[in-house]
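J.:
Residue numbers (the numbering used here), protein chains in the order written: chain A, 193 to 284; chain B, 6 to 631.
1) CB-CB under 7 Å to residue 467 of chain B, same chain, minus the five flanking residues each way: which ones, in chain order?
2) When the Cα atoms are used, what is the spatial distance from residue 390 of chain B to residue 30 of chain B?
3) Is there a Cβ from chain A that is less than 9 Å from the Cβ of residue 613 of chain B?
4) Would you call the CB atoms of residue 112 of chain B and residue 82 of chain B closer than 9 Å?
5) What residues are listed by DSSP as bridge partners for residue 40 of chain B?
6) Please report how far the alpha carbon of residue 300 of chain B lies from the alpha carbon of residue 434 of chain B, in whole angstroms.
7) Measuring CA to CA, which of B/594, B/547, B/33 and B/307 is closest to residue 47 of chain B?
8) Mind checking whether residue 273 of chain A and residue 257 of chain A have CB atoms under 9 Å apart?
9) Which same chain residues end up closer than 6 Å to residue 95 of chain B when comparing Cβ atoms and leaving out the 5 residues on each side of it in sequence?
10) Determine contact between the stretch 507 to 517 of chain B and the stretch 528 to 542 of chain B, defined as no fewer than three beta-carbon pairs at a distance below 8 Å.
11) Work out the CA separation of residue 224 of chain B and residue 313 of chain B for me, nearest whole Å.
12) What is the DSSP secondary structure of residue 628 of chain B, counted as helix, strand or coil?
13) Using a Cβ cut-off of 9 Å (strictly closer), state whether residue 214 of chain A contacts chain B.
14) Report yes or no: do three or more beta-carbon pairs, one from the stretch 432 to 451 of chain B and one from the stretch 387 to 403 of chain B, lie closer than 8 Å?
15) To which residues of the same chain is residue 86 of chain B closer than 7 Å at the C-beta, ignoring the five residues directly before and after it?
16) Applying a beta-carbon distance threshold of less than 8 Å, which residues of chain B neighbour residue 235 of chain A?
17) Residue 589 of chain B versus chain A: which residues are under 8 Å apart at the beta carbon?
18) Between the stretch 38 to 53 of chain B and the stretch 195 to 207 of chain B, are three or more C-beta pairs nearer than 8 Å?
19) Using 8 Å for Cβ pairs, my map puts residue 110 of chain B next to residue 345 of chain B. What's the rounded Cβ distance?
20) Could you list which residues in chain B have their beta carbon closer than 7 Å to that of residue 282 of chain A, in chain order?
21) Would the stretch 287 to 305 of chain B and the stretch 196 to 216 of chain B be scored as touching if the rule is three or more Cβ pairs under 8 Å?
22) Excluding sequence positions up to five away, which residues of its chain have a Cβ less than 6 Å from the Cβ of residue 6 of chain B?
23) The alpha helix (DSSP H) that contains residue 356 of chain B, what's its start and end?
24) Can you tell which of B/504, B/90, B/74 and B/127 has its C-alpha closest to the C-alpha of residue 107 of chain B?
25) Tell me the DSSP secondary structure of residue 6 of chain B in three-state form.
26) To the nearest angstrom, how far is the alpha carbon of residue 526 of chain B from that of residue 451 of chain B?
27) Below 8 Å on C-beta distance, what does residue 249 of chain B contact in chain A?
28) Residues of the stretch 252 to 267 of chain A with a CB closer than 8 Å to any CB of chain B: list them in chain order, please.
29) Please tell me whether residue 406 of chain B and residue 471 of chain B are closer than 9 Å, where the distance is taken between their beta carbons.
30) With DSSP run on the structure shown, which of helix, strand or coil describes residue 211 of chain B?
31) Show which residues of chain A have a CB atom less than 9 Å away from the CB atom of residue 387 of chain B.
32) Let me confirm a value: residue 356 of chain B is counted as buried when at least 16 other C-beta atoms fall within 10 Å, else exposed. Which label applies?
33) Name the chain A residues that come within less than 8 Å of residue 493 of chain B, Cβ to Cβ?
34) Helix, strand or coil, according to DSSP, for residue 237 of chain B in the structure here?
35) Compare the C-alpha of residue 306 of chain B against each of B/287, B/279, B/496 and B/361 and name the closest.
36) Please decide whether residue 607 of chain B counts as near chain A, where near means a Cβ-Cβ distance under 9 Å.
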């Protein structure tokens with residue numbers, strides 16, 4: 193059985209190695225040893241793009257990560273602008 | 006699986022350990038019945054705990070979970086410092102609130118009571134209440150104006166406040182003299198001492214019923230039980246490292262952004278929480294000391310991983326902490342830290358909650374996945390009001406409406422609306438009538454705030470919003486102090502495609518027409534209806550709050566789970582009908598088009614809108630480095 197990471201990612205076997213795929217469309221991101229976020233589509237948007245309930249600020253933004261295959265929103269980081277992409281999962 | 010071998014037989018263990026837990030509940034009831042403070046009696050901002058004779062937490066009960074891990078630091082300090090001189094005796098009660106030793110901030114005052122049985126010290130009870138005022142530079146104890154710990158109120162490093170069963174009048178007189186509100190402080194102090202008496206009586210009854218030998222074994226067993234069970238659970242979960250970052254965007258003095266950085270590593274049956282990379286300590290009160298950071302990790306571990314076992318030091322035996330000194334989460338003397346309870350401590354906790362949740366959601370085990378959640382109302386913007394009340398007395402309190410934040414969404418359900426703080430699961434919002442009775446304020450409204458929960462396939466819980474005005478304030482004004490973080494940075498993270506909750510927002514309308522409108526029976530339903538000068542406040546502020554002024558805030562909701570365009574359209578419709586999500590957000594974020602005339606989802610247009618959102622995502626995003 194494929195191991196699920198969160199809602200949309202699964203760990204699958206490929207040529208004897210473990211890779212991360214999209215659970216919805218089977219898109220293959222990368223080997224499990226890499227940061228899947230570096231293999232997604234990325235968009236940075238202002239916080240208040242979600243509505244007036246969010247602050248109008250230029251110091252922070254939402255960094256959205258989409259599946260290149262099905263455009264599912266996989267993860268959202270609220271980040272200080274210009275910080276590098278956070279590698280938030282290192283599974284063994 | 007790790008073998009669980011106890012000294013007591015299983016039935017005796019279950020009965021006796023649950024008895025200990027039940028005693029902490031009764032201690033809490035004692036506090037509620039004796040204290041007069043809304044913070045203690047309604048918001049439940051207290052802690053009740055039983056310890057072994059060496060100061061190890063055996064079980065912490067209801068109240069503020071973090072104190073299960075911080076109280077033990079204070080008690081061990083007292084035991085090591087004062088056991089020989091002046092000595093620890095039956096009938097003592099010991100008081101401590103020093104943030105450099107144990108407390109999150111000075112208003113959180115601990116009272117520890119030794120429990121002797123036939124002249125043998127068999128354990129301790131401990132309680133904490135958040136006292137209304139401890140004589141700090143700003144009323145109430147959260148101090149935007151503090152620049153040193155010495156501005157943050159009385160700092161007690163261990164005194165014998167009671168001996169031979171009696172409060173020492175010289176010390177009580179001195180301590181109450183340092184508070185702006187000695188009456189309420191005196192009640193809290195007596196409530197805690199009374200709770201200690203309750204604990205002593207009940208522990209004696211337990212020993213008489215089961216015998217002292219079995220009681221001694223219970224101490225070892227309770228610690229071992231929690232440790233072994235947690236280690237066993239950890240072995241079932243995947244190994245790995247999970248990272249997250251949280252932010253403080255306002256220290257009240259500069260425009261610097263501070264970061265709390267966590268890498269949590271789970272290996273085998275242990276967890277390491279490494280906060281290396283966290284920002285240097287701030288010159289203002291947003292810091293916490295190392296003990297409070299420990300408390301934050303304890304809360305996350307106990308709640309998410311140890312919910313079905315006694316919350317005690319056995320859990321922390323499975324945990325390694327790396328908390329660099331001189332950072333915002335391990336402040337050194339003389340740096341202030343009076344926002345420690347909702348500042349540094351809370352960010353440590355929140356980082357731990359997210360990383361543990363990610364681990365649980367990667368486990369592939371349904372039961373564990375369901376225990377995880379996106380972030381609960383991370384930021385807890387609080388306010389203190391202080392001044393002469395309608396009876397001519399000085400009154401000061403936290404406005405505990407800050408506890409009405411939203412719960413984080415889960416992988417199978419929305420977060421609970423207006424839930425509680427993660428760290429005080431049994432909290433209540435204080436009764437409005439009682440607040441108006443005790444303090445010179447009038448509530449204009451208190452309700453659930455629309456669009457406050459983080460969007461997601463499962464939505465984060467909504468937060469409350471409320472507005473107050475001074476009412477019958479004898480001096481025509483009172484003090485209003487505000488503090489928190491998260492009104493610029495959206496720090497209630499969502500998880501796996503869910504968005505963070507909305508940033509909280511506050512404002513003061515000065516010189517408004519509120520009293521005219523009240524006289525006319527035309528109470529405003531939102532701030533925009535008011536005449537006057539509208540000013541958005543920064544996160545940390547102190548201001549005079551005059552008659553005719555209005556203060557408004559919406560608190561922080563919970564983070565969302567999953568992609569919002571995967572949310573069942575009917576759930577979005579329900580949210581719109583219940584005013585939890587606006588029509589605008591339903592379309593823009595969820596891609597759901599609602600036929601308002603028939604109050605139903607237009608499925609065809611919804612499918613089109615969602616496809617449009619997917620296409621827009623493809624067009625407006627890029628590959629890394631692209």
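Note that CB positions come from ideal geometry on N, CA and C, so glycine has one too.
T.: Concretely, from the data shown:
1) Hits under 7 Å: 411, 422, 423, 453, 454, 457, 458, 562 and 585.
2) Distance from the CA atom of residue 390 of chain B to the CA atom of residue 30 of chain B, rounded to whole angstroms, is 30 Å.
3) Any Cβ of chain A closer than 9 Å to the Cβ of residue 613 of chain B would place that residue at the interface, and such an atom is absent.
4) Not in contact: residue 112 of chain B and residue 82 of chain B (Cβ atoms no closer than 9 Å).
5) Under DSSP, residue 40 of chain B takes part in no beta bridge, so it has no partner.
6) Straight-line Cα distance between these residues: approximately 23 Å.
7) Out of B/594, B/547, B/33 and B/307, B/33 has the C-alpha closest to the C-alpha of residue 47 of chain B.
8) Between residue 273 of chain A and residue 257 of chain A, the gap from beta carbon to beta carbon reaches 9 Å or more.
9) So the list reads 121, once near-sequence residues are dropped.
10) Enough Cβ pairs lie closer than 8 Å, so yes.
11) For residue 313 of chain B and residue 224 of chain B, the distance between alpha carbons rounds to 18 Å.
12) Here residue 628 of chain B sits in strand by DSSP.
13) The beta-carbon of residue 214 of chain A is placed no less than 9 Å from the nearest beta-carbon of chain B.
14) These segments touch.
15) Answer for residue 86 of chain B: 163, listed in chain order.
16) Near residue 235 of chain A (Cβ distances below 8 Å), the residues of chain B are 622, 625, 626 and 627.
17) The contacting residues are 243.
18) They touch, by the three-pair rule.
19) That belief holds up - the Cβ atoms of residue 110 of chain B and residue 345 of chain B are roughly 5 Å apart, short of 8 Å.
20) The answer, in chain order, is 245 and 246.
21) Touching, no, given that fewer than three Cβ pairs across the two stretches are closer than 8 Å.
22) Because residue 6 of chain B sits at a pLDDT of 46, beneath the cut-off of 50, its placement in the model cannot be relied upon, and the following sentence gives the value as read from the coordinates. So the list reads 237, once near-sequence residues are dropped.
23) Unbroken alpha helix (DSSP H) run through residue 356 of chain B: 349 to 366.
24) Checking every option, the nearest Cα to that of residue 107 of chain B belongs to B/74.
25) At residue 6 of chain B, the pLDDT of 46 sits below 50, so the modelled position is not reliable; the number obtained from the coordinates is stated separately. Secondary structure of residue 6 of chain B (DSSP, three-state): coil.
26) Looking at the two C-alpha atoms, the distance is approximately 18 Å.
27) Neighbours of residue 249 of chain B on chain A, chain order: 278 and 280.
28) Contact annotation: in the stretch 252 to 267 of chain A, residues whose CB is within less than 8 Å of a CB in chain B are 252, 254, 256, 258, 260, 262, 263, 264, 265, 266 and 267.
29) In this structure, residue 471 of chain B lies closer than 9 Å to residue 406 of chain B by Cβ.
30) In the displayed model, residue 211 of chain B falls within a helix according to three-state DSSP.
31) Correct list: empty, because the minimum Cβ distance to chain A is about 18 Å.
32) Residue 356 of chain B comes out buried.
33) Correct list: 247, 249, 251 and 252.
34) Helix, per DSSP.
35) In terms of CA proximity to residue 306 of chain B, B/361 leads the group B/287, B/279, B/496 and B/361.
36) Closer than 9 Å: no.
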